Amino acid sequence: MIPLTYYLILSSIVFTIGLYGIMSQRNGVRLLMSVELMLNSANINLVAFSSYNDDMSGQVFTLFSIALAAAEAIIGFAILLSIFRMRDMINIDDINILRW
Amino acid sequence: MENYMLLAPEIILALVGLTILLTGLFIGTNNKNILGYIASAGLIAALCLTISNISVNETMFYGTITIDALSQFFKIVFISVSLLVAIASIKYTEGNKSTDEFFTLLLFSTIGMMVVASANDLITLFIGFELASLCTYALAGFEKNNPKSIEASMKYFIIGSLSSALMLFGISFVYGMTGTTSIPGIAENAGALAASPIGLIAVVMLIAGFGFKMALVPFHMWAPDTYQGAPTVVSALLAAGSKKMGFVAAFRVLVIALAVLSPTWQTAFAALAIITMTLGNVVAISQTSVKRMLAYSSVAQAGYIAMAFVVMTPMALAGGILYTLSHAFMKTGAFLVVAVVGYMVLSDNKNAKDIDHLDNFKGLAKRMPITAFAMMVFVFALSGIPPTAGYVSKFILFSSTIESGLVWLAVIAILNSALSLYYYARIVKYMYFLPASGGKVSEPLPYAIAIILALAGVLVIGIWPEPFVYWAMEAAKVLMI
Amino acid sequence: MAIDSLAFLIPLLPALAFVITFFFGKKMYSGGALIPIGAIAISCIISILITINLLQNPEVVVHQSYPWFAIFNLGILIDPLAGVMLCMVTFVSLLIHIYAVGYMSHDPAKPRYFAETALFTAAMLGVVLSDNILQLFICWELVGLCSYLLIGFWYQKPSAAAAAKKAFLTTRVGDVMFLTGIIILFSSIFTIYNGNLPEGIYVLQFNEMFKLIPELSAMHTTILGSEVSMLTIITLLFFGGAVGKSGQFPLHVWLPDAMEGPTTVSALIHAATMVTAGVYLVARTFPMFMGAPDALIVVAYVGGFTALFASTMGIVMNDIKRVLAFSTISQLGYMMLGLGMGAVVGMEAVGVSMFHLINHAFFKALLFLCAGSVIHSVGTQDMRQMGGVGKVMPITFITMLVASLALAGFGIPGTQIGTSGFFSKDAIIETTYLFGEHTGNYIPYIFGIVAALLTSIYIFRLLFMTFTGKARTDYGGHESPSSMTVPLSILAVLALIFGALTQTKFYRFLDETFINNFVHVNIGDLAELGNYHLVHGHHGEPLLILWMPIIVGVAGLLISFLIYYLKVVDMSKIVSRNNFVFKLLYNRYYQHHIFIEVISLQLTYGLSLVGEFIDRKIIDGIIDGISDGTIAIGEIIRKIQTGVVQSYATAVIAGVGLLIILLKLIVEVQ
Amino acid sequence: MINKAINGAVALLFLAVVALAIVTTTWITVDELPQNLADQSNIEAIGVQIFTQFVIPFEVLSLVLLGALIGAVYIAKSEVEK
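Residue numbers (my numbering), protein chains in the order written: chain A, 5 to 104; chain B, 68 to 548; chain C, 114 to 783; chain D, -8 to 73.
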């Protein structure tokens, strides 16, 4: 049987990739993908805990959180679309009218 | 059989939201004013129902929802803020063909906050959090042809998703160590979590998630930009309403569920509270945009409220809880005043830029006396001058901090309050002592009503605080079990 | 006791007058001036009746208290100390309000002026009436706020706006100290009761506080390696608040600038309200000072030094109001010095100091109102452009002369003949001599006596430069209207005779303050706690000491007369006629002038310049530096907010990381 | 480039901290995982849970989706009719 720790390390690596992406990527779509990675790494955790604890609520939570991730993604893409329409690009770090 | 009446406020708001959406399809843009009235009526009904159930204590739906003094208190905070915003928005959305979307999103985000307030399960809590967040992301970008608004929305969205991912990651560890998502269940099994290193990681990630909403430094970075860029009525909702969602979630999850880890999160909140209030006040001084100044002041106020987590005596918790109510009225009122001023500037000059600049407040006392007076009361309340709500809550919070022996914390907070008076008094100076740049303007009625209601809230709590203090004490008792 | 039940009206009426005048003043006669005048007149009558009542039965103090919410209390306390203050504040404020009807008659913003002065008076009455320290602090802050509004009354002038800001910020330094003192007091009381505070202690009523003095005095803490009594820290922090409010060194910088407001405001701030609040605070909490080792000595030194320091600067000022401003600082220094002498005379110090406070209120209000009358008529504040004003404004001149004599303290020792300032100031100087005799430390006495000499010089310099000689510019003045001269005359009569009439009664009355049914303390026991050795039945100072103040007063008069009266007369003649003999005469006087200046005054002059330098550059610099520094830091920190969302995300993630590390370290340690 | 290096360092630090915590924690697990997965489907159990215990989150989720839909459509919709 695969130890639980393996799943957790996997999920934390995925999460870290997401973190790195959100810190370093300029492209809006890539940022959204990074966010999805982070949410899904939490899902890995939840499912792993759920089966190793023999408790179903973690899997229910995962289903919910997948739906939430989808909802988050559509809002994100809508905002990106709006930015694209306004400025013809989606480089997030060029958008800094509001500062200081 | 569950008592569905206890969920009636949420159900009514959902139904009203759907009604608005459907009605909006069939009526012309010119008649869409009525949607604002429907939304306000729905919020008033929800407020009445919530108040009528104020002393209920019940857990429902397999323990996923709880109705108690704490949840009712915060629900009233959320509904009041939404109501004030909705009333003011009747004017703001006038002539906009997307009025229906605006009010639906407003009501849905209110439902999200209310669900968080009564969540007794991390799943419920997280979904409520997301409901409120997603709707406010869209609301922040409501002026979609205004680059500032879209930018505000984008920043809010990215930092928001990052924080909810962090929070979900933290929740997953809490679930893993305790084997349950129910808050009372976690409280029972949290011993193992407290004993292991992962407990600390989970707590910090949860704090990051809640701190994003509360706008605690360093999770606050989105807040000034978003409050400044978003439509002002939405900023009011974010600063006064959705910010409190972070607090109620932290009360539920940290104080009730993870009480055994209190040394960890108390230390964390001590550090965050000090940094937050100091940075908020210091940076607010050098702002020239009133919205941005209020945003930083809002950051600073979050720092004061966070002191309740450090002190953790019943009196301090009551002070913190009362502060959320006071702050809701003060901040909504202040932002609505900025909204009125923006409206005034735009009606002077269609193409005006920087409508939230401090210069627009020059001589406001002559141009809009009621608004200027209300603003003066709001900023004095924010800085804690009696007899206002801000004074009462600050007094209870600070004095209980001193009582519990944390004099240094109270001294820092008081010095910060003194510092904050500098920039608040500057607004008053601009309004009352500088010459006006235009003639008298009559306030639009919806804005005036909302501002006067907020003013009444601030003064009533300030002058007759006993019932509110008692009520906040009741709410604090829920936390002290 | 019917009149006692009206006590709550004393602060309430002016407060109501504020509301009415503020909102409806525009439509009323003279900007609604009659409403505050009426309200303050009624308050004044009530205060006087209550005080008379108190005079007859000193053991029955008025004490009413209304709980407001859980741990706060609205209370009214009128004991002899509060009673005399009430009468003084309402009375002087009333006269100033009446005077302002004439003085402000041309100002379009009259309603705002009268509303703000009414609120100012109400706040000051609130300070005086409080029966607990929290309420006192709130009113104290309100006084500060009103002073900000009033000093910046002509906010169109940048200098007025700057002065208002400076006053606000500087007194706030003191306020923070005061508040810190309250907090430390509260937490100490909390420690004494070990967390279980009995009902009523929460509200910090004075009697409850005073009961705890022995316990507080026994608590110690270590600062910089030396053991300090908790009570000393608390009282010194309170005194810090008083230093800010009462313009003591080094927080006096706001007071001279406060002259930017209308002259009536200056009179109100300097004579009746605001600045005396600090002295009142020390007097009110005097038993705590008695129980605190070294606290009174600090008070005495700060007061004495301020008295001397400010009077040296009074000599070099050319602005008539600035001379008076430094005079106020100096006189407040005397009051603090008098309070500090509690170290040898105990309770009597309060009587001595408060007596000077009351007399000072009369003659300083008079001086300001006379100056206002002159400015109103002449149209300038620069004394170099005046001269000979006495001929066109005889009433003002006579009243000013009376006030100057009172300030310089003229009178005949050993008799009942003398101006009010004579009785009160000499009493302070005598106690300082007693202090010197008793402890061998004559420094306070030297402070006092030198300051008395300088006081006499600067006030007669002002008198000679302004009222005598020939007009130096064409100002074409006229006597002021009767609404201005009547208050002047009333104040002049009081400044002349009040001291002689009330001297002994006043001391006896005030001595009752801390030994009646509300506040009961035994000063002797407290003095032992505070390690002070009191002297009883002190009499028989050498005759020279008795006469010393009057001798220096006359000396000052003569010096001023020689320099500023004779010189001016001669100079104008010489310059116009070019007569050799007169020139020679003039030169002799000139030499004489040089002689005196070089030998006796150049030194003082130099000192004053140094003082002014310290004042303007260093102290102002530090205070401005703090505010500028905060703003600069804000400017730097706001740049962290780059506007790039990825950097925000980095901040969030770094925050999480740092928080984890921080908590790991702290939790490990615990 | 420097930025990316800093970001990478922050991310690696984060990973190290979390991984260390995960490795040093003693996780509570059931002794034996169900071995024969084909034998038991948990779909039914999840369905039952969703409609009993988690019915409120489920209902709220419907509002989330609707809200996200409205918001997304509103923001993404272009307004160039006039």
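Glycine included, each C-beta is placed from N, C-alpha and C at the ideal position. Computed from a predicted structure; not experimentally measured.
For the pair LEU172 of chain B and SER149 of chain B, the CB atoms are not nearer than the 8 Å cut-off. Under the 8 Å criterion on CB atoms, PHE428 of chain B is classed as non-interfacial with respect to chain C. For ARG89 of chain A, a Cβ of chain D is located within less than 8 Å of the residue's own Cβ.
Contact check for ALA261 of chain B against VAL350 of chain B fails: the beta carbons are separated by 8 Å or more. By the 16-neighbour rule on beta-carbons within 10 angstroms, MET(-8) of chain D is exposed.
Annotation: VAL46 of chain D has no Cβ neighbours in chain A at a cutoff of 9 Å; minimum Cβ distance is about 11 Å.
GLY612 of chain C and TYR620 of chain C have their alpha carbons spaced roughly 11 Å apart.
Residues of the stretch 61 to 80 of chain A whose Cβ lies closer than 8 Å to any Cβ of chain B, in chain order: SER61, GLY62, VAL64, PHE65, PHE68, SER69, LEU72, ALA75, GLU76, ILE79, GLY80. Collapsing the DSSP output to three states places GLY354 of chain C in a helix. Annotation note: the stretch 436 to 500 of chain B contains the following uninterrupted alpha helix (DSSP H) runs of length 4 or greater, listed N- to C-terminal: 436 to 450, 456 to 470, 474 to 500. For the options C:ILE189, C:PHE481, C:ILE562, the alpha carbon positioned closest to that of MET597 of chain C is the one of C:PHE481. DSSP, read as helix, strand or coil, puts SER263 of chain B in coil.
Bridge partners of ILE134 of chain B according to DSSP: B:GLU125. The Cβ of ARG34 of chain A sits no closer than 8 Å to any Cβ of chain C.
Counting C-beta atoms within 10 angstroms of its own C-beta, TYR71 of chain B has fewer than 16 neighbours from the protein chains shown and is therefore classed as exposed. According to the DSSP assignment, GLU70 of chain D belongs to no alpha helix (DSSP H), since it is labelled neither H nor E.
Non-local beta-carbon contacts of GLY237 of chain B in its own chain, meaning distances under 7 Å to residues more than five positions away in sequence, involve ALA269, MET272, LEU273, GLY276 in chain order. Following the DSSP letters along the chain, one finds SER165 of chain B in no alpha helix (DSSP H), marked with neither H nor E. For MET221 of chain B, the closest of B:ALA136, B:TRP289, B:ALA517, B:LEU102 by C-alpha to C-alpha distance is B:TRP289.
Proximity to LEU392 of chain B across B:LEU449, B:TRP475, B:SER356, B:VAL412 peaks at B:LEU449, based on C-alpha coordinates. For ILE191 of chain C, the three-state secondary structure derived from DSSP is strand. In this structure, LYS538 of chain C and HIS469 of chain C form a Cβ contact; the two beta carbons are roughly 6 Å apart against a cut-off of 8 Å. The distance from the Cβ of SER330 of chain C to that of SER342 of chain C is about 6 Å, consistent with a contact at the 8 Å cut-off.
Pairing ARG435 of chain C with MET426 of chain C, the inter-Cα distance amounts to about 9 Å.
In this structure ALA59 of chain D does not touch LEU102 of chain B by the C-beta definition: roughly 20 Å separates them, more than the 8 Å allowed. A Cβ-Cβ distance of about 7 Å is found for the pair PHE250 of chain C and PHE291 of chain C, placing them in contact under the 8 Å criterion. In this structure, LEU547 of chain C keeps its C-beta atom at 8 Å or more from the C-beta atom of VAL463 of chain C. The contact set of LEU482 of chain B on chain C, defined by CB atoms closer than 8 Å, consists of VAL289 in chain order. In the DSSP assignment, GLY531 of chain C is bridged to C:GLY524. The beta carbon of LEU317 of chain C sits closer than 6 Å to the beta carbons of ASN245, ILE246, LEU247 from its chain, once the five residues preceding and following it are set aside; these are given in chain order. Just so you know, the alpha carbons of LEU421 of chain C and GLY534 of chain C end up roughly 17 Å apart. Residue environment: ASN644 of chain C is assigned as exposed (fewer than 16 neighbouring CB atoms within 10 Å of its CB, all protein chains considered). VAL341 of chain C: member of the beta strand (DSSP E) spanning 339 to 342, first to last residue. For TYR24 of chain A, the enclosing alpha helix (DSSP H) stretches over residues 8 to 28. Its chain contains GLY400, ALA441, VAL444 as the residues whose beta carbon lies nearer than 7 Å to that of LEU522 of chain B, once the 5 sequence neighbours on both sides are disregarded; these appear in chain order. Those residues of the stretch 322 to 333 of chain B placed with their C-beta closer than 8 Å to a C-beta in chain C are PRO330, THR331, ordered along the chain.
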